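Asks:
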Amino acid sequence: MPWNPRQPSIFHDESWPTPWRSSEFPPEETFVERINRQHANPEWESVPHFLYYESGRSGGWPWGWAIYRTSYLNTSDQDWTRAIEKLDEACMADLEFYERSWHRFDLKCVEMVREGYRNVIFEDPALEGASEAVIQRRHKEWVESHGLRISSGIPRLGYALLLDDRCIRSILASAAPRKPSVIEQGLPWPKINDKPGGMVGYVNFIDSFFRPEDPENDYGEYYRGLVRVHLDCLAHFAIYCEDLETGEQEWGEYGMDIPDNVFYTDGHCSKTELKEISTIFYLS
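Letter by letter, the sequence shown follows residues 3 to 286 of the working numbering.
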């Protein structure tokens, strides 16, 4: 794809009623102009790495997910709206763990990560019951329509969220998201010293890079490019997208030789579970 020297500074989708705006990301700047200005500012070196990395990638900021609704007959519009609300609440609650850690280290522009969260949501009844392959193909077409490329380092571009009937029901059954209580001192990562209570659902992620015909595909016979991420790990997954792109982190190369299994990951670790398990329970 040819390089566009006048590519816009920030991402925008036509489905958004208003463009995302921030004084740090003026719309009159091109992507290159903004990057040059920010990198010339010594304080920009002190922003959260997630902000630094994602905003430095074409199409990476504002950040968020591309969400595809594939359940219409069994999901009311009211339930769909509530599921999206709960997904957003869970993602922001997960982000709070990182925000507290960033504040502890006196990083700059921490609030900009929360302000920069905005999803693209696709609702099309023709997608009722759509398969992983259909969503993967549709997502690739959408990414290319923006003059961008699939990138595992950018959450919205690398991973489409497929919300089917079962997934939506698991979200609706989830308890209120956990909040950080105590962050242990002396650690470079956020950690709480107690466990939340309640059910936690999941979302389906489509790996946009998966090719079933690839001879190097050794995830297992029944891997079709779909992984599940627990609802309370959404921000965690987004932050680890960079490592997935650089090859510093992989989901693993095992476990999908049983048709009733599915991958679960938080972007850092992975394991297989039975497909019929739609929520997990945390003891309080």
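For every residue, glycine included, the Cβ atom is placed at its ideal position computed from N, Cα and C. It should be emphasised that the depicted structure is a prediction, and the values quoted were computed from it without experimental measurement.
For the beta strand (DSSP E) containing H232, list its first residue and its last residue.
Replies: The residue you call residue 232 lines up with position 230 of the sequence shown. 228-232 is the extent of the beta strand (DSSP E) around H232.
Asks: Would you kindly work out how many angstroms separate the C-alpha atoms of V34 and Q9, rounded to a whole number?
Replies: Here residue 34 corresponds to residue number 32 of the sequence shown, with the count starting at 1. Here residue 9 corresponds to residue number 7 of the sequence shown, with the count starting at 1. In a straight line, the C-alpha of V34 is about 8 Å away from that of Q9.
Asks: Given T77, which residues of its chain have a CB within under 7 Å of its CB, disregarding the five upstream and five downstream residues?
Replies: By 1-based counting over the sequence shown, the position of residue 77 is 75. So the list reads D167, I170, once near-sequence residues are dropped.
Asks: What does I123 pair with, by DSSP beta-bridge criteria?
Replies: Locating residue 123 in the sequence shown gives position 121, counting from the first residue. Per DSSP, I69.
Asks: Does the distance from the C-beta atom of Y177 to that of M201 stay below 8 Å?
Replies: Start at 1 with the first residue of the sequence shown, and residue 177 comes out as number 175. Start at 1 with the first residue of the sequence shown, and residue 201 comes out as number 199. It should be pointed out that residue 177 corresponds to Ala in this sequence rather than to Tyr. Result yes, Cβ atoms of A177 and M201 sit closer than 8 Å.
Asks: Sort F207, C243, F99 by Cα distance to Y266 and report the nearest one.
Replies: The count along the sequence shown starts at 1 and reaches residue 266 at position 264. Among F207, C243, F99, the Cα nearest to that of Y266 belongs to F207.
Asks: Need the endpoints of the beta strand (DSSP E) that Y266 sits in, please.
Replies: The residue you call residue 266 lines up with position 264 of the sequence shown. Unbroken beta strand (DSSP E) run through Y266: 263-267.
Asks: What residues match up with F207 in a beta bridge as DSSP calls it?
Replies: Here residue 207 refers to the residue found at position 205 of the sequence shown. In the DSSP output, where bridge partners are listed per residue, F207 has L163, V229.
Asks: Do you know offhand how far R230's Cα is from E125's?
Replies: Counted from its first residue, the sequence shown places residue 230 at position 228. Counted from its first residue, the sequence shown places residue 125 at position 123. Approximately 21 Å between the Cα atoms of the pair.
Asks: Using a 10 Å radius around the Cβ and a threshold of 16 neighbouring Cβ atoms, would you call N121 buried or exposed?
Replies: Counting from 1 along the sequence shown, the entry for residue 121 is found at position 119. Under this definition N121 is a buried residue.
Asks: Please report the straight-line C-alpha distance between R84 and I37, rounded to a whole angstrom.
Replies: Position 82 of the sequence shown holds residue 84. Position 35 of the sequence shown holds residue 37. Using only the alpha carbons, I get a separation of about 37 Å.
Asks: Does DSSP classify P157 as helix, strand or coil?
Replies: To locate residue 157, count along the sequence shown from 1; it is residue 155. Helix at P157.
Asks: Does DSSP put P44 in a helix, a strand or coil?
Replies: The sequence position of residue 44 within the sequence shown is 42, counting from 1. In this structure, P44 counts as helix in the three-state DSSP scheme.
Asks: Mind checking who T32 pairs with in its DSSP beta bridge?
Replies: The sequence position of residue 32 within the sequence shown is 30, counting from 1. Its beta-bridge partners are P10.
Asks: Less than 7 Å between C-beta atoms, sequence neighbours within five positions excluded: which residues of the same chain meet that for G61?
Replies: Locating residue 61 in the sequence shown gives position 59, where the first residue counts as 1. So the qualifying residues of the chain are F13, H148, L150, I156, L159.
Asks: Whose CA, out of L97, L109, H141, E56, lies closest to the CA of P44?
Replies: Position 42 of the sequence shown, counted from the first residue, corresponds to residue 44. The residue with the shortest Cα to Cα distance from P44 is L109.
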